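Its first residue numbered 909, the sequence shown is counted upward by one per residue in my numbering. Data first, discussion second: the structure below is written as structure tokens.
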Amino acid sequence: MTRIAIIGLGYIGKVHLETLLRIPGVQVVALVGRRMGPLEVLAAKYGIPKVTTNYRTLLEDPSIDVIHNCTPNDLHFEVNRAFIQAGKHIFSEKPLARTSQETRTLVELAKGKNVLTAINFCYRYYPAVQEAALRIRNKELGEVYTVMGSYLQDWLLYDTDYDWRLEQSIAGNSNVIADIGSHWFNLAQFMVGSQITEVMADLKTTLPIRKKPEGDGGFTEYPVTVEDYGSVLLHFANGACGVFTVSQLAAGKKCAIDVHVYGSQSALRWNHERSAELWIGHRDRANEVLMESPQLQHRESKRYALLPTGHPMGYHDAVFNLFTDFYNALALKKQGKESSVALPDFSEGHRELMITEAILQSHREKRWVQVTE
Ligand SMILES: NC(=O)c1ccc[n+]([C@@H]2O[C@H](COP(=O)([O-])OP(=O)(O)OC[C@H]3O[C@@H](n4cnc5c(N)ncnc54)[C@H](O)[C@@H]3O)[C@@H](O)[C@H]2O)c1
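Pasting the structure below:
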């Protein structure tokens, strides 16, 4: 049995908890949060033996094999580093840390300690995305010419909408690029099978003064220094070029991720609002829509299509697919073997931080910036 501690039980921590209940051979044995009351309620609900508000008490705990780090960004580096040094395997939330210096340190430490790492870049675990990536790798689109898309939300539209992601001291130097841009460019690079090498960015903090809610129903004004909108031109290593836009102020858009890939022969589009569908574009015949399906997908991608054709999977299932790959890889690692399935590991998290920093630099200096070590 593999024993797990989850640190941070806000929105995504609970998604981790509920998804882990579906993974065979693992058990969540400890929860770490800021307040005992809610932790005890969760622990009672799911039969979890240990709760604590101090993650450090688990560092030397031999009954814990894996940490799921679901804390806000400012704790990612500190928590990941401490548990890697203690020899625990780590499944971390994105962004991996707040600077590429920190993410580089984590990659090197994890290598040195020989621990397995992964990051929750979950959107690529939808079956239709896996199918798209496979078709692009198999050259079914021909040569990839362009990659375009967006990730739009509206939950920060009003100046009274508040979240820690708006505070640079917690989020890091970037809000929307690090938060949802990182998902978009991880997804696009995975689908295309090629890395982003150069960026040219235009960012904006649409609401530089916002109102933070106070307990008494009032608000305090505070300055926002991180961006809530960005458009970025891209160059990929394979010669493709592209562009994406991210915003948290796009009324009506909740979690609207869109990736289009146009090749020399045909095109593919995946959209999170219709996540079970893969649009296939042709020039000389009618376009097609492939529904995710264990019957209709390629042999290598259909293992991610868990339900009979016509029954759409959801966000929890994408996370489940990623967790399944992670825990299968861990089981192989324990036998001294390596999984043949690539995970979004800490080196990818480091790469996404380097892209984020290149985007911030490009905006500051108003020029193309290369993504280099
Ligand atoms: N992969 C995804 O799709 C996805 C989705 C949402 C969030 N995230 C990432 O997950 C992280 C958390 O985001 P969220 O939306 O769940 O935030 P959240 O604010 O809802 O939850 C964070 C939790 O961490 C707890 N916490 C803070 N300090 C702590 C400490 N010292 N010890 C233990 N717990 C502590 C908070 O009390 C809170 O419950 C962020 O880095 C975010 O980028 C990823």
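Here a beta-carbon is modelled for each residue, glycine too, at the ideal position from N, C-alpha and C. A quick note: this is a predicted structure, and the numbers were derived from the prediction, not measured.
Please report the straight-line C-alpha distance between G1020 and W1178, rounded to a whole angstrom. 38 Å
CA-CA distance, V923 and N977? When the Cα atoms are used, V923 and N977 turn out to be separated by approximately 12 Å.
How about Y1212 and Y1033: do their beta carbons lie closer than 8 Å? yes
Return the bridge partner residues of D1166 from the DSSP annotation. S1058, N1179
Answer with buried or exposed for A1194, where buried requires no fewer than 16 other C-beta atoms within 10 angstroms of its C-beta. It is exposed - the Cβ of A1194 has fewer than 16 other Cβ atoms within 10 Å.
Inside the stretch 1002–1047 only - beta strand (DSSP E) runs reaching at least 3 residues: 1025–1027
Contact defined as beta carbons within less than 8 Å: I believe I1267 pairs with A1079. What is the distance between those atoms, to the nearest angstrom? 15 Å between Cβ atoms; not a contact.
Which residue wins for smallest C-alpha separation from W1063, given the options A1158, G1057, L1238? A1158
Please name the residue, chosen from P932, T1013, N1083, that lies closest to V1134 on a Cα-to-Cα basis. N1083
Please return the same chain residues whose Cβ sits closer than 8 Å to the Cβ of V1107, not counting the five positions on each side in sequence. Same-chain partners within the cutoff: V1140, L1141, L1142, H1143, I1263, A1266, I1267, S1270, W1276, V1277, V1279.
Given this structure, state the Cα-to-Cα distance separating G1147 from W1092, to the nearest angstrom. 19 Å
A1036 classed as buried or exposed, judged by whether at least 16 other C-beta atoms fall within 10 angstroms: With at least 16 other beta carbons inside 10 angstroms of its own, A1036 counts as buried.
Which of the three DSSP states, helix, strand or coil, is assigned to N977? strand
Bridge partners for L1152 per DSSP, in chain order? According to the sequence as given, residue 1152 is Phe; it is not Leu. DSSP, once it has assigned bridges, lists G1057, V1140 as partnering F1152.
Kindly indicate which residue of W1187, K1162, L966 has the alpha-carbon position closest to the one of N1200. Asn is not the amino acid found at residue 1200; the sequence shown has Glu there. Of the listed residues, the one whose Cα sits closest to E1200 is W1187.
So, under 8 Å CB-CB, Y1170 and S1155 are touching, yes? Tell me the CB distance rounded to an integer number of Å. Wrong, their Cβ atoms sit about 23 Å apart, outside the cutoff.
Indicate, with yes or no, if ligand 1 has a heavy atom lying under 7 Å from the CB of R1191. no
To the nearest angstrom, how far is it from the Cα of R1006 to the Cα of L1014? 12 Å
Quick check on the DSSP output: what are the complete alpha helix (DSSP H) runs of length 4 or more inside the stretch 910–959, in order along the chain? 919–928, 944–954
Are the beta-carbon atoms of L967 and F999 separated by less than 8 Å? no
For I1085, name the three-state secondary structure that DSSP assigns. helix
Could you tell me the alpha carbon to alpha carbon distance between R1182 and F1152, rounded to whole angstroms? 19 Å
Excluding the 5 residues preceding and the 5 following R942 in the sequence, name in chain order all residues of the same chain whose CB lies nearer than 7 Å to its CB. T961
Taking all protein chains shown into account, decide if Q1173 is buried (16 or more other Cβ within 10 angstroms of its Cβ) or exposed. exposed
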